[in-house]
Amino acid sequence: MTQIIQLALSTSSVDEILEQWRITYPNLSPKLTLFLIEYPEAEIPLKLFAYYLSDAIRVFDEPLFGICLAQAIKSCERSEQQDDELVYDRFFEALTYIAADLLHNIKIEDLQGSEWRIADGNYFTDWFVLNPIRLKQHELRQICIKPLYSEKQTVRRAQQMLNNKMCLTIE
10 MTQIIQLALS TSSVDEILEQ WRITYPNLSP KLTLFLIEYP EAEIPLKLFA
60 YYLSDAIRVF DEPLFGICLA QAIKSCERSE QQDDELVYDR FFEALTYIAA
110 DLLHNIKIED LQGSEWRIAD GNYFTDWFVL NPIRLKQHEL RQICIKPLYS
160 EKQTVRRAQQ MLNNKMCLTI E
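Start counting at 1 in the sequence shown, then tack on 9, and there's your number in this note's numbering.
So this is what it looks like as structure tokens:
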């Protein structure tokens, strides 16, 4: 049985993750460029989001980061068509909501029992991608993705953590 959430080995930098996204979504790439020209202050939070998730977390073999960014750009397009003044806010709302919704009720656990959960505030890049022991455990299929049942681990809490890690405020 295929799991929705999967892990892939990755050593991509944030810039490489963004470049790969541009290659994967060539029709949305110019829209991201325009968004970043109009809102240059969005570049650092976007890169922090990429660093938080890395491109190792996958949804049916597609990087979750890429899915989130594509949906955020599409949400931005809809806001612009409606002459919405909150384009920036809607972009980051869409970007973080998708990740929070998909990851709020799972934990990723290594062989020693150390866990990564989206709402704990640990960058996945630091926990997994930059940890050679965990990368080796992943190769040996010793990293587990498990359901997490907790009333405290909500989509909203996960989204708030993502926003906090990107230095954004939530109204």
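Think of the CB as a built atom: it goes at the ideal place given N, C-alpha and C, for glycine as much as any other residue.
Query                                                                                                        : Result
As assigned by DSSP and simplified to three states, the class of Cys153                                      : strand
For Gln162, three-class secondary structure by DSSP                                                          : coil
Meets three-Cβ-pair contact criterion under 8 Å: the stretch 124–138 and the stretch 71–90                   : no
Burial state of Thr134 (16 or more Cβ within 10 Å)                                                           : buried
Proximity test, Ile46 beta-carbon vs the ligand ZN heavy atom, cut-off 7 Å                                   : Looking for the ligand ZN in the displayed structure turns up nothing, as the structure carries no ligands at all.
Pairwise C-alpha distance: Arg87 and Ile142                                                                  : 43 Å
Contacting residues, own chain, Cβ-Cβ under 8 Å from Thr178 (five flanking each side not counted)            : Low confidence applies here, because Thr178 scores a pLDDT of 45, under 50, leaving its location unreliable; read the following figure in that light. Counting only Cβ-Cβ distances below 8 Å, and skipping sequence neighbours, we find Asn172.
Segment limits, alpha helix (DSSP H) that includes Ile13                                                     : Ile13 -> no alpha helix (DSSP H), and no H or E assigned at all.
Among Thr105, Val138, Ile154, the one whose alpha carbon lies nearest that of Lys174                         : Thr105
Beta-carbon gap between Ile66 and Leu18 smaller than 8 Å                                                     : no
Which of helix, strand or coil DSSP assigns to Pro54                                                         : helix
Gly122, buried or exposed, once every other Cβ within 10 Å from all chains shown has been counted against 16 : exposed
Cβ-Cβ separation, Gln12 to Ile154 (assumed contact under 8 Å), whole Å                                       : 6 Å
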